[in-house]
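K.L.:
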Amino acid sequence: MVSSARERGEEAIVVTLWPHPRTVLQQDARDFRLLTSVEEKKALLKDLGIDRVEVIPFTKEFARLRADEYLRFLRKSFGATMVVMGYDNRVGSDQLTADACAQLPEFAHRIDFSVLSCAPLPDYAHGEAVSSTQIRKAIEEGDVERANKMLGYDYPLHGVVVSGNKLGRTIGFPTANMQLYEPLKLLPKDGVYAVEVEIQGQDRNYKGMCNIGVRPTVDGKARTIETHILDFDEDIYGLPIRIKFKKRIRDEIKFESLDALRQQLALDRQKV
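Its first residue numbered 0, the sequence shown is counted upward by one per residue in numbering that gives the first Met the number 0.
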């Protein structure tokens, strides 16, 4: 889309919907989780060369627009001359594909409006097309390496450091406990991961090992996100923190004692 816009001397604009349509239309809303928050999405798209990101409020009334009405909306609101769609995108309440949109009588013969369909990008290692469904599946299975390859970047979580029970400090592995800024963000499968850590105010990133889970060794109940940051010992409560997942190290395990847990954490640190 960016290259087409540059060739035509036009802006490259992404139109995204918020709240996510699946939550408004209540399609598995209870279990649905996001790959990107709105702010993360804007930053990623800007990095790709997109000129503008327009966030459209999604309502049940908006969902009733037919494909031709939606295309007219894009034309009137943003002066659209070309709409770029994914190969499996379906637009409007009538769920038209890119090919069907291109054949709509009102638009098919207009020389100043066209619909471009992009071909799927194959994931050669698994024989499937790259898609948000496949990315979600990989993250939910803990296969962050595959997810990162499909995304083109390391999957992140972004939040603020909050106070925990400080048990990690007593066994030599203090952790930063994260409260997510976007509570609907998809979490990887419970376990221990090698991560890269960004801390506000620091001029470098750190290696870390992140545990996602309920901390069964200490009879934890709530699911937490705790990260031990290597070569770092500062008070960062209340500061923003971002972790980027590199590799899954192991499952979360219930150990017989805190000493056994300490020994395993030392091995985890070596792997990281």
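Here a beta-carbon is modelled for each residue, glycine too, at the ideal position from N, C-alpha and C.
Relative to the alpha-carbon of E39, which residue among E225, R249, R168, K243 has its alpha-carbon at the smallest distance?
P.N.:
If we check each option's Cα against that of E39, K243 comes out closest.
K.L.:
Is it buried or exposed for K146, if we count other Cβ within 10 angstroms and need 16 for buried?
P.N.:
Looking at the sequence provided, one finds Ala at residue 146 rather than Lys. Buried, since its Cβ has 16 or more Cβ neighbours within 10 Å.
K.L.:
Based on DSSP bridge pairs, tell me the residues matched to R249.
P.N.:
In the DSSP output, where bridge partners are listed per residue, R249 has V191.
K.L.:
CB R222 to CB G212, shorter than 8 Å?
P.N.:
Contact: yes.
K.L.:
In the DSSP output, what is K184 paired with across the bridge?
P.N.:
DSSP lists L33 as partners of K184.
K.L.:
Taking F172 as the reference, which of R268, M149, Q25 has the closest Cα?
P.N.:
Answer by Cα proximity: R268.
K.L.:
Evaluate the contact criterion for the segment 16 to 26 versus the segment 59 to 73: three or more CB pairs, one atom per stretch, below 8 Å.
P.N.:
Short answer: they touch.
K.L.:
Taking buried to mean at least 16 other C-beta atoms within 10 Å of its own C-beta, is A11 buried or exposed?
P.N.:
Buried, because 16 or more other Cβ atoms sit within 10 Å of the Cβ of A11.
K.L.:
Can you check DSSP and say which residues form a bridge with Q178?
P.N.:
Paired residues: V159.
K.L.:
If we call anything under 8 Å between Cβ atoms a contact, is M81 one with D122?
P.N.:
No, Cβ-Cβ distance for M81 and D122 is not below 8 Å.
K.L.:
Run through DSSP, which three-state label would A265 get?
P.N.:
Note: A265 maps to helix in three-state DSSP.
K.L.:
Quick check on the DSSP output: the alpha helix (DSSP H) that includes L150 runs from which residue to which?
P.N.:
Where L150 is concerned, the enclosing alpha helix (DSSP H) stretches over 143 to 150.
K.L.:
From the DSSP secondary-structure annotation, give me the bridge partner or partners of V210.
P.N.:
Note that residue 210 is Asn in the sequence shown here, rather than Val. Its beta-bridge partners are V191, E225.
K.L.:
Taking 8 Å as the cut-off, does the segment 186 to 203 touch the segment 130 to 140 (at least 3 CB pairs, one atom from each stretch)?
P.N.:
Touching, per the Cβ criterion.
K.L.:
Distance check for E144 and V194, CA to CA, integer angstroms please.
P.N.:
The straight-line gap from Cα to Cα measures roughly 11 Å.
K.L.:
What are the boundary residues of the beta strand (DSSP E) that E53 is part of?
P.N.:
It spans 51 to 56 - the beta strand (DSSP E) in which E53 sits, taken as one unbroken run.
K.L.:
Under a Cβ-count criterion, where at least 16 other Cβ atoms within 10 Å of its own Cβ denotes burial, should W154 be classed as buried or exposed?
P.N.:
The identity of residue 154 in the sequence shown is Tyr, whereas the question assumes Trp. Counting Cβ neighbours within 10 Å, Y154 comes out buried, since at least 16 surround it.
K.L.:
Any idea which residues DSSP pairs G85 with across the strands?
P.N.:
Note: G85 sits in a beta bridge opposite C117.
K.L.:
Can you name the start and end residues of the alpha helix (DSSP H) that V1 belongs to?
P.N.:
Unbroken alpha helix (DSSP H) run through V1: 1 to 7.
K.L.:
Can you tell me which of T132, Y86, Q178, A128 puts its alpha carbon nearest to the alpha carbon of L115?
P.N.:
The option with the nearest alpha carbon to L115 is Y86.
K.L.:
Starting from Y205, follow its DSSP beta bridges and name the residues at the other end.
P.N.:
Answer is V196.
K.L.:
Checking 8 Å against the spacing of the C-beta atoms, do L179 and G158 come in under that value?
P.N.:
Contact: yes.
K.L.:
Leaving out the 5 sequence neighbours to the left and right, which residues in its chain are closer than 8 Å to K45 when beta-carbon positions are compared?
P.N.:
Excluding positions up to five away in sequence, the list reads V52.
K.L.:
Beta-carbon separation of T226 and T174 under 8 Å?
P.N.:
Against a cut-off of 8 Å, the Cβ pair of T174 and T226 comes out as a contact.
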